[in-house]
Structures are given as structure tokens and as C-alpha cells.
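Numbering (the numbering used here), first residue to last: 12 to 237.
Rendered as C-alpha cells:
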């Protein structure tokens, strides 16, 4: 699932909720009579907006895990069966990029704490800082690609370099979707929204921390698998 579809999915959920999340049954259970309290008939409870918002993101994360696990399985299989596997030396900048991404998660949590204290201006500053760090991470990944190319390693050079480009490229694509989600929380006016800013920030942070952990896992896999 492409990372950029995350914001579209959230928008669809919120639009559905804003429209009422379904039509309310007419009084009397739909038969035009009574006060809607017929025995044996209950109105289905409406799912809270925050739960539906969180569910959309969680479903997206599960699909991403399943996709990457398929790629990881292929990597481990080829690494174990190919006796001519060429070790790949990772560009040193990926370690700097990792520190940047982990720092962004810390800044994001600080922003959420400020929001819990109703300090919206400080929240906006810290949230924007976390977003900028995410952009810096993606920029650093592009630099890593350039360093690989300068060293003579391309996508088709060998299997190890192919997986490096695949893992970093797909992760970067999904992380870009996370940046879109962070911008959504930062720029959206929540006065008339179906969910509060605190809920939107919390759920967006789930996805961001997930992408953080996924990158650490992929980096360890590439480093140990060399």
C-alpha cells in the first residue's frame, strides 16, 4: 500500500463521519409508527470518530508490515542460498539519517505533551520541527543513493545493492506519506472537524513511530546481512 494513500484514507473516513456515519433510522423503527422503542429492535451504536480514524491508520500499517515481510523473506532466502553474495558496505550517512529520524519521534512526543497542556503555539513549533526532520531524513536517503552510485553500486549491480535500493526506496515512499499526515495535522482547522487535534496528532504519531521502527529494523537487516 503506498504511503501517500494514508491521507486520502483519513479524509474519506472523516468525510463519512461528518456526514453522519450512516443514516439514522426514522422514528418507529422505519414503519412510521411508535416512538422507536419497539421490543427486540436496537439502534446500532455509531462508531466513535477517533476509533474509526485510528482503525484506518492501523489497517494501513498492517498492510505495510505484510508487504515488507514478503520482501524480507525474499532477502533472507537469497542471502542464505546464494554462495556468491557480494557484501554491501552501507553509506555512512545512513547512520546520521537514523539519528535524525529517531530524534523526530522524540520531538513529536514533546509536541504532543505540549498539546495536552493546551499550549497550541508550542505544539505547532515542535510538530513542524518533527516534520522538517522527516524531510531531512528523506533528503539524507537521497544523498545515500548518490553515494552508492558514485561508488559504482546501482540497482542491478548485485542482489545486495538491489535490496538496498528497494528497502530504502519503499520505506522513503511510505515515510513521505507520513510527512503528508504530519502536515495534515499541522494545517487542518479542527474547530469543526469530527475529531480533535489531540486525537489526530496521536494517531499520526502511531504511524510515524511505526515508520521509525521499520527503518531501524531494515537498517539492522541490511547491516547484519552484508
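Each residue gets a CB set at the ideal place from its N, CA and C atoms; glycine is no exception.
Just the C-alpha distance for residue i and residue j, rounded to the nearest angstrom, thanks.
i, j, result
"residue 141", "residue 114", "8 Å"
"residue 123", "residue 209", "7 Å"
"residue 185", "residue 94", "32 Å"
"residue 132", "residue 118", "15 Å"
"residue 173", "residue 223", "22 Å"
"residue 125", "residue 67", "25 Å"
"residue 196", "residue 216", "10 Å"
"residue 227", "residue 127", "28 Å"
"residue 271", "residue 73", "Since the first residue shown for the chain is 12 and the last is 237, residue 271 is missing from the structure and cannot be characterised."
"residue 168", "residue 135", "44 Å"
"residue 98", "residue 236", "8 Å"
"residue 150", "residue 191", "15 Å"
"residue 137", "residue 176", "31 Å"
"residue 88", "residue 213", "37 Å"
"residue 179", "residue 121", "27 Å"
"residue 110", "residue 219", "14 Å"
"residue 199", "residue 164", "42 Å"
"residue 65", "residue 233", "31 Å"
"residue 166", "residue 194", "32 Å"
"residue 86", "residue 230", "13 Å"
"residue 146", "residue 90", "32 Å"
"residue 69", "residue 76", "11 Å"
"residue 207", "residue 92", "51 Å"
"residue 71", "residue 183", "16 Å"
"residue 203", "residue 63", "17 Å"
"residue 246", "residue 81", "The chain is shown from 12 up to 237; residue 246 falls before or after that span and cannot be answered."
"residue 161", "residue 181", "21 Å"
"residue 187", "residue 83", "21 Å"
"residue 189", "residue 116", "12 Å"
"residue 148", "residue 112", "6 Å"
Where does the unbroken alpha helix (DSSP H) through residue i begin, and where does it stop?
i, result
"residue 182", "170 to 198"
"residue 216", "208 to 235"
"residue 120", "104 to 127"
"residue 137", "131 to 161"
Contact defined as beta carbons within less than 8 Å: I believe residue i pairs with residue j. What is the distance between those atoms, to the nearest angstrom?
i, j, result
"residue 79", "residue 225", "7 Å"
"residue 211", "residue 201", "7 Å"
"residue 170", "residue 96", "7 Å"
Measure from the C-beta of residue i to each C-beta in chain D and report whether the shortest distance is under 7 Å.
i, result
"residue 230", "Here chain D cannot be found, since the structure has a single protein chain."
| task | Count the C-beta pairs between the segment 101 to 110 and the segment 149 to 158 that are closer than 8 Å, then say yes if the count reaches three, no if not. | result | The answer is yes - the segment 149 to 158 touches the segment 101 to 110, with three or more Cβ pairs under 8 Å.
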